[in-house]
Each structure stands twice: as structure tokens, then as C-alpha cells.
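In our numbering, the protein residues as written are 173 to 447.
Backbone N, C-alpha and C define an ideal beta-carbon position, used for all residues, glycine too.
Remember, predicted model here, so these are calculated numbers, not experimental data.
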Ligand SMILES: NC(=O)c1ccc[n+]([C@@H]2O[C@H](COP(=O)([O-])OP(=O)(O)OC[C@H]3O[C@@H](n4cnc5c(N)ncnc54)[C@H](OP(=O)(O)O)[C@@H]3O)[C@@H](O)[C@H]2O)c1
């Protein structure tokens, strides 16, 4: 049976999840959202097609699953608002980057909390969400969380200490691919291709390579080796990228994103202690 879901925060990620739940078969009556501005509530209600209320506690009360989809800095205020409305056996799923499970467990004693890190390809049901369960989460709660998160793509259960690395790889990952697409489009135009042709070539290449990589039994290394003939054009391009430190740069970018995620987590924990 599908759990009823309240999504607190009707912004980008909350909206993506709500739309994904509807596409996955949830009835509009089984999903409710909470916003904090009337304009946002009206807009989300119109575009998504589920009820949106201005009171997070009202949205959360009695729902099987309560999804926290506000920015990390807004989590403490939201938890204050819903502390009395959210009780066991309700399940809380947090999407908030960097906010430790302990912050939720302290505000909501006895409530099962799952922390997750989705990404924006969830908007086209191709998301990648890592999740981990807190101290009150049993296998049934973990399964329920996975069923909600799987509405928008694939899921993986990992321990909480790995979520900063997840944030740096799959959470931030779409931006790496978008940057590569931007750079490739600009390079294509500099090689003389018309703008519309450059965009089409790049979009379909990124899409085709992604689908091939995801569906082929071959590794990225093998697929790359197969298109790299000695002395050929791809070999020349690969040498340029390797000589320019491409791998080291990617490693630095991921390390820097993971480190920023850890900092944000520490800030969230400190904000909670101060509150
Ligand atoms: N976007 C991503 O790529 C991504 C990826 C992974 C995880 N996440 C996580 O997802 C969460 C949401 O991110 P987002 O990009 O969707 O942010 P967003 O677009 O700013 O959406 C958050 C929404 O929550 C609303 N809000 C804040 N406090 C509220 C309250 N007390 N009651 C009701 N609504 C409230 C905000 O209202 P206002 O408009 O008034 O501020 C805003 O509309 C974040 O914690 C983020 O770390 C995002």
C-alpha cells in the first residue's frame, strides 16, 4: 500500500518529488505540500496539482511519511513548527544537504528518520538518491523510505558518514555534466559549427553516452578505450585532457564539494545547538 506523504517545502526538490510521486501512481489526495508564502502555495498547487497548505504542522499531521524539503538553514525553524505534529510511527525523510540525522532525532524523539541525498535528474525519473536510516529506523521503515525515493529514480542505502562524498559525487554530479556540455558547446561553436547544430550535437552526445554507459556491461574505461584508436582524433583529445590535469581537477572538485558538505553539516549541527 502506498504511504500518504507530506512534503514540507514546495520549492525545487519538493516539487520534483511531488510530481514524481504522481507519475509513479500516487493519488493527488495521498500527497500534500506545505509552503510558507501564499504565492508559492498557489503556484505549486496550480502546477503540481496537489493541495498546498501554509502550515507545515497541518500538512504533516497524520501522514505516514513527512518529507523535509526546505533549505538546511530553514530546518531548525521547521522542526520547531512540526515537533508536536510528528510522532511515531510516522517516518521522516530529510532531503536537506548536510543536516545530521541527530538534529532530527533530537527535535522529534522516537520518530524514525531517514536522511537522503537526491539529485535533480529526479525531475525526469532518472534521479540517484542515497539514503541512510537513523536509530529508530527498522527494515519496514527503510523499505517505505526507499519506495518513496524510488518514485524519481534509483536509490542506494549507505551509511551516514558517506553522505558528504555522495553529495560531492551524485548530488553535485549533474552540474559537472552540465559544465562539460557548456564547454563542449562553446568549443563546437569556436570550431565553426552553428549554435543550433553545436547544441544538438552536444545534447545527443551527452544523452547517448550516458545511456550507453548505463546500459552497457562495459566499464567507462573500456568504452573509452574502444573509441580511442592509437594516433586517432580521440587519442589526441584524450592526451590534451590528461596533460591538462583533467583527472586531478575532477578529484579536486569532488574533494572540495565533500569538504563544503562537511562544513555545512557542522554549521547545521552548531545552529541546532545554539537554537
Ligand atoms: N536542488 C538540488 O539540486 C538538491 C539536491 C539534493 C538535495 N537538495 C536539498 O533539498 C532541499 C530543498 O532544496 P531546494 O533546492 O528545493 O530549495 P528551494 O527551492 O529553496 O525550496 C525550499 C522551499 O522551502 C520553503 N520553506 C522554507 N521554510 C519553510 C517552512 N517552515 N514551511 C514551509 N515551507 C518552507 C522555501 O520557501 P521560500 O521560497 O519562502 O524560501 C522554499 O520554497 C535542501 O535542503 C537541499 O539541500 C537539493
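Cβ pair residue i, residue j closer than 7 Å
| i | j | result |
| --- | --- | --- |
| residue 213 | residue 222 | no |
| residue 449 | residue 186 | Limits of the chain in this structure are 173 at one end and 447 at the other, which puts residue 449 out of reach. |
| residue 269 | residue 344 | no |
| residue 244 | residue 381 | no |
| residue 180 | residue 267 | no |
| residue 357 | residue 370 | yes |
| residue 193 | residue 355 | no |
| residue 204 | residue 178 | yes |
| residue 325 | residue 294 | yes |
Selected residue, minimal CA-CA separation from residue i, among the options
| i | options | result |
| --- | --- | --- |
| residue 191 | 229, 296 and 255 | 296 |
| residue 318 | 264, 371 and 430 | 264 |
| residue 429 | 401, 336, 399 and 403 | 336 |
| residue 236 | 396, 176, 437 and 361 | 176 |
| residue 396 | 342, 410 and 386 | 410 |
| residue 254 | 323, 183 and 231 | 231 |
| residue 478 | 362, 290, 229 and 288 | The requested residue 478 is not part of the displayed model; the chain covers only 173 to 447. |
| residue 299 | 386, 364 and 444 | 386 |
| residue 329 | 303, 316, 352 and 351 | 303 |
| residue 425 | 351, 437 and 374 | 351 |
| residue 431 | 252, 333 and 246 | 333 |
| residue 444 | 248, 288, 211 and 257 | 248 |
| residue 327 | 363, 288, 341 and 362 | 288 |
| residue 423 | 252, 341 and 365 | 341 |
| residue 301 | 189, 412 and 257 | 189 |
Separation of residue j from residue i, as counted between CA atoms
| i | j | result |
| --- | --- | --- |
| residue 217 | residue 421 | 42 Å |
| residue 384 | residue 415 | 26 Å |
| residue 173 | residue 198 | 10 Å |
| residue 284 | residue 239 | 12 Å |
| residue 331 | residue 259 | 24 Å |
| residue 215 | residue 201 | 18 Å |
| residue 393 | residue 418 | 15 Å |
| residue 281 | residue 391 | 45 Å |
| residue 286 | residue 359 | 43 Å |
| residue 311 | residue 405 | 52 Å |
| residue 427 | residue 408 | 28 Å |
| residue 227 | residue 349 | 37 Å |
| residue 321 | residue 220 | 18 Å |
| residue 314 | residue 261 | 13 Å |
| residue 274 | residue 246 | 16 Å |
| residue 388 | residue 271 | 36 Å |
| residue 399 | residue 184 | 38 Å |
Buried versus exposed call for residue i [16 or more other C-beta atoms within 10 Å across all chains shown]
| i | result |
| --- | --- |
| residue 308 | buried |
| residue 433 | buried |
| residue 276 | buried |
| residue 403 | exposed |
| residue 291 | buried |
| residue 377 | exposed |
| residue 437 | buried |
| residue 279 | buried |
| residue 374 | buried |
| residue 316 | buried |
| residue 306 | buried |
| residue 257 | buried |
- What are the uninterrupted segments assigned as beta strand (DSSP E) that are 3 or more residues long and contained completely in the stretch 259-344, given in chain order? Given a length threshold of 3 residues, each whole run of the beta strand (DSSP E) inside the stretch 259-344 is given here in chain order: 263-266, 284-289, 299-305 and 325-329.
- Query: At which residue ranges does the stretch 197-251 contain complete beta strand (DSSP E) runs of 3 or more residues, listed in the order of the chain?
  - Reply: List check, beta strand (DSSP E) in window: 203-206 and 237-240.
- Task: Give, in chain order, every unbroken run of the alpha helix (DSSP H) that is at least 4 residues long and sits entirely within the stretch 367-431.
- Result: Fully enclosed alpha helix (DSSP H) runs of 4 or longer: 367-387, 392-398 and 405-415.
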